[in-house]
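**Q** Chains as they are written, first to last, in UniProt numbering: chain E, 1 to 828; chain B, 1 to 111. Cβ coordinates follow ideal geometry from the N, Cα and C atoms, glycine included.
Below you can see the structure in the form of structure tokens.
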């Protein structure tokens, strides 16, 4: 069988790497992704390991890289991923990269600092010119005498010391949010002794810190009196206003304005130069940073792996342990030899026996990956147990399609998936970041098969957007019934509903050759027929699926050499399952084949119930002669299988244990030395018999055999299986339930939306116009409800059927994946 | 019903006219009866070719095992599903209940 049938053989290998070539060897192994390294220094803390200094240097470099990256992003540039394949640089290059990085970081910091300070200065100059140049109408002219004359009616200055009533000015700028508060406070504190005028700057100025444009309120306060002046100064300080010197004379102010403009022009030139230099530096960073990041990342990963190796006694080589696929061992050997060819001694790899359970490795391609993914989502298989994925490739879309069967919907789904598959190599599609799209895109092959099978089941259910088609002529003849029963027109007018009787000759002409007869879609009682059909179909499919699961368990028992389980577990399980539910399937098929519409038909349900109760109903005719004897025998045999299942394996293992244990102790030592094979056998048996335990069986499996534990595990397994048979068979009825829901939703949508549109108006043209929006509504609802919602629902239920009902018959799923040391996925 | 064959009759065009009932005394023309054996043979052969003969023609390669599994599983699933459907309709215990409008229309349409 192909490699997906069970996990590949994975071996525990020991690598001897000469110290000088260790770095290169591990770096090459990382490029190839062959080995999963085990930590041999688990007891040593991270700070005491050998290469901790190198790791630390790499981490500091990464910090600097983060700083550089943020600077690049702040400037609005993007970092492009590097081209080509970059190897981890040799250790001596680390110093060079470190120096260059530090230099770049330093330059960048300096330039940024300069830019900030220049911008702040520019801001101040701009504010100053705004304050001066805003053309405040001075409420008071320059001459104090005029001012006095104007002011006399208002307020008498209180006394002598205030004779010197020279007007002074305070000019500045404040944030607009604080302007109102400032004005209020000034008035309260110094009322009457000042006049303040506030005006907003015409243009917003760029804030030096955030770079956003912000408007400022400039103010000009004219006051008289020294104390007032001090108060005003304190208030403006409190509000963090920028205060500038204000010259009274107009020309003085103009002169200052010109000076300011000149200064700001010069400053802007310098700022321009600074920003040009900054962009140069950023350009260098953009070019150099991505490859360095990749290289340092790889280097750090290599050192982390080297930290996991132990040092040999002579300190000349490092010993590493890891898991590697057995088929990759020659490649591993080759890589090590090539990498360590410069050093005198070549690196060596050899296989060592393992006691722990190896990781599971199943190689998949892009088609099988999605199916393996849904199996692994439940649990990664144990080492070398049977993998349900290759069967899931077909049974999962099939069970989905049973619940989703409709030609039209299946075709839409198939075309959508086909579009994704055909476009899968386009770069725009591969690099899309939307998560929902990526989910659908990752499952494109799954959707493809689901759509394809849905088209098939749609043909069988005879539903295309809920409409039936007559590919073949129907097997029911209405005319024959009408003539035989004398259905005249008057008779028909009186009876709104009439039933065709298959017992009348000529009415039923034979089963429809492919699928469900189209007459049922015209029938009022179509659900009676379809429900019976779909429920029986679900039970048949369910029993088949579960039997297949039990049979797959046989492969596990054979592979692990546990022959006793074939007889003591698989056989009772099959007896129970087939004896009871296989018999139910037999009854269903028998009734289909041999019971015609003549006499009152026997009820399978009542027979099945009576089978377990060992009773009989006199009104229920038998299906075949001797049925009661057969049923009683089957129930007895099935119930007899339960104690075999419960006690068989524990008693056998106990007998086996007793048979081995009365050996002298000396012989056991010999067995241990030569018994790599024995221990692996015993450990394999150990894996099997105690499924819930972790894989390690310990030194001597015989000493660990505890009867009560094994008995308890087996009891749980027995109860799970027997009760599960009943509940899981009923669980498969969801196939019926969901296909019914889908069919009904589809029909309602058609009847309520599309048919109303098609019925509109006998006049020419009305229906045509009305159908456009109606079809739009029909299409949107079809996609939203029937494709997306029902699709997700059927997907979920098919998944549950696989994970629970199918896989709990044979699959343990308590393994772990082989995750080799590789740089590939880390580059994301 | 098993293996029943009815002679194929020719269609007379006047029976397709709506509202024209067949004259009493003339036998009602029978529709083509469906046989059971023919579809069974056809589909068993078809899915048998896919499921049993198909695996021999799968080219050798790393995916041979998976492809064979897929072929066999497809054949088993699809054949079983079709078989269940045709067996369920083989001996119907009750017939469809139709509205009188449907009977009026289908009576002459499906002949």
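Please report the Cβ distance between residue 754 of chain E and residue 774 of chain E, rounded to the nearest whole angstrom; I am assuming they are in contact, meaning their Cβ atoms lie under 8 angstroms.
**A** Right, the Cβ-Cβ distance comes to about 7 angstroms (below 8 angstroms), so this counts as a contact.
**Q** What separation, rounded to the nearest whole angstrom, lies between the Cα atoms of residue 105 of chain B and residue 804 of chain E?
**A** In a straight line, the C-alpha of residue 105 of chain B is about 49 angstroms away from that of residue 804 of chain E.
**Q** When the Cα atoms are used, what is the spatial distance from residue 92 of chain B to residue 468 of chain E?
**A** If you take the alpha carbons of residue 92 of chain B and residue 468 of chain E, they lie about 19 angstroms apart.
**Q** Under the rule that 16 or more other beta-carbon atoms within 10 Å means buried, what is residue 342 of chain E, buried or exposed?
**A** That one is exposed.
**Q** Under 6 angstroms Cβ to Cβ from residue 213 of chain E, same chain only, skipping five residues before and after it: list those, please.
**A** Once the five neighbours on either side are set aside, the close Cβ partners of residue 213 of chain E are 204 and 206.
**Q** Should the stretch 62-80 of chain B be called in touch with the stretch 375-393 of chain E, which here means at least 3 C-beta pairs below 8 angstroms?
**A** Output reads yes: the stretch 375-393 of chain E touches the stretch 62-80 of chain B.
**Q** With a Cβ-Cβ cutoff of 7 angstroms, do residue 25 of chain E and residue 301 of chain E count as a contact?
**A** Their beta carbons are not under 7 angstroms apart, which means residue 25 of chain E does not touch residue 301 of chain E by this criterion.
**Q** Taking the alpha carbon of residue 799 of chain E as the point to measure from, which residue in E:60, E:61 and E:731 has its own alpha carbon closest?
**A** Looking at the Cα atoms, E:731 is the closest of the given residues.
**Q** Look up residue 169 of chain E in the DSSP assignment and give the residues it is bridged to.
**A** Per DSSP, E:222.
**Q** Going by C-alpha distance, which of E:223, E:759 and E:198 is nearest residue 216 of chain E?
**A** It is E:198.
**Q** In terms of residue numbering, what span does the alpha helix (DSSP H) encompassing residue 58 of chain E cover?
**A** It spans 52-74 - the alpha helix (DSSP H) in which residue 58 of chain E sits, taken as one unbroken run.
**Q** Could you please give the first and the last residue of the uninterrupted alpha helix (DSSP H) stretch that includes residue 296 of chain E?
**A** 250-307 is the span of the alpha helix (DSSP H), which, as asked, contains residue 296 of chain E.
**Q** With a CB to CB cut of under 6 angstroms and the five nearest residues on each side skipped, what residues in its chain are close to residue 576 of chain E?
**A** Answer for residue 576 of chain E: 638 and 641, listed in chain order.
**Q** Apply the 10 Å Cβ neighbour rule to residue 531 of chain E and answer buried if 16 or more other Cβ atoms are within range, or exposed otherwise.
**A** So residue 531 of chain E ends up on the exposed side.
**Q** How is residue 323 of chain E classed by DSSP in three states: helix, strand or coil?
**A** Strand at residue 323 of chain E.
**Q** What's the gap between the Cα of residue 411 of chain E and the Cα of residue 369 of chain E?
**A** Approximately 24 angstroms, taken between the alpha carbons.
**Q** May I ask you to verify whether the stretch 274-294 of chain E touches the stretch 72-80 of chain E, counting CB pairs closer than 8 angstroms and requiring at least 3?
**A** At 8 angstroms Cβ cutoff, the stretches touch.
**Q** Could you say which of B:49, B:102, B:89 and B:34 lies nearest to residue 78 of chain B if we only look at CA atoms?
**A** Of the candidates B:49, B:102, B:89 and B:34, the one whose C-alpha sits nearest the C-alpha of residue 78 of chain B is B:49.
**Q** Counting only beta-carbon separations shorter than 7 angstroms, does residue 53 of chain B have a partner in chain E?
**A** No, its Cβ sits nowhere closer than 7 angstroms to a Cβ of chain E.
**Q** Would you kindly work out how many angstroms separate the C-alpha atoms of residue 811 of chain E and residue 384 of chain E, rounded to a whole number?
**A** Approximately 11 angstroms, taken between the alpha carbons.
**Q** Using a Cβ-Cβ cutoff of 8 angstroms, what residues of the stretch 72-87 of chain B are near chain E? List them in chain order.
**A** Cβ contacts with chain E: 73, 74, 77, 78, 80, 81, 82, 84, 85, 86 and 87.
**Q** When the Cβ atoms of the stretch 101-111 of chain E are set against those of the stretch 248-258 of chain E, are three or more pairs found closer than 8 angstroms?
**A** The stretch 101-111 of chain E is not in contact with the stretch 248-258 of chain E.
**Q** Could you give the DSSP three-state label for residue 12 of chain E: helix, strand or coil?
**A** It is a strand residue.
**Q** DSSP state of residue 342 of chain E, grouped into three classes?
**A** Three-state DSSP puts residue 342 of chain E in coil, outside helix and strand.
**Q** Give the range of the beta strand (DSSP E) segment to which residue 194 of chain E is assigned.
**A** Residues 194-200.
**Q** Between which two residues does the alpha helix (DSSP H) containing residue 716 of chain E stretch?
**A** Residue 716 of chain E -> alpha helix (DSSP H) spans 707-731.
**Q** Am I right that residue 115 of chain E and residue 278 of chain E are in contact with their C-beta atoms under 8 angstroms? What's the rounded C-beta distance?
**A** Going by Cβ atoms, the distance from residue 115 of chain E to residue 278 of chain E rounds to 6 angstroms, so yes, they are a contact pair.
**Q** Distance cutoff 7 angstroms, beta carbons only. Does residue 36 of chain B sit that close to anything in chain E?
**A** Chain E contact via Cβ: present.
**Q** Can you pull the chain E neighbours of residue 60 of chain B, defined as C-beta to C-beta under 8 angstroms?
**A** Chain E residues near residue 60 of chain B: none, gap ~11 angstroms exceeds 8 angstroms.
**Q** Can you tell me the Cβ-Cβ gap for residue 235 of chain E and residue 223 of chain E, rounded? I've got them flagged as a contact below 8 angstroms.
**A** Residue 235 of chain E to residue 223 of chain E, Cβ: 11 angstroms. No contact.
**Q** Rounded to the nearest angstrom, how far is the Cβ of residue 466 of chain E from that of residue 512 of chain E, given a contact under 8 angstroms?
**A** At roughly 18 angstroms, the Cβ-Cβ gap does not stay under 8 angstroms, so residue 466 of chain E and residue 512 of chain E are not in contact.
**Q** Taking only beta-carbon atoms, is residue 522 of chain E less than 7 angstroms away from chain B?
**A** Residue 522 of chain E counts as touching chain B.
**Q** Do residue 711 of chain E and residue 662 of chain E have their C-beta atoms closer together than 7 angstroms?
**A** No. Outside cutoff.
**Q** Comparing C-alpha positions only, which one of E:349, E:296 and E:291 sits nearest to residue 318 of chain E?
**A** Minimum Cα distance to residue 318 of chain E is reached at E:349.
**Q** Using the Cα positions of residue 345 of chain E and residue 68 of chain E, report the straight-line distance between them to the nearest angstrom.
**A** Near 42 angstroms, if we compare the C-alpha coordinates of residue 68 of chain E and residue 345 of chain E.
**Q** Roughly how many angstroms separate the alpha carbons of residue 437 of chain E and residue 443 of chain E, rounded to a whole number?
**A** Each residue's Cα considered, the two are about 10 angstroms apart.
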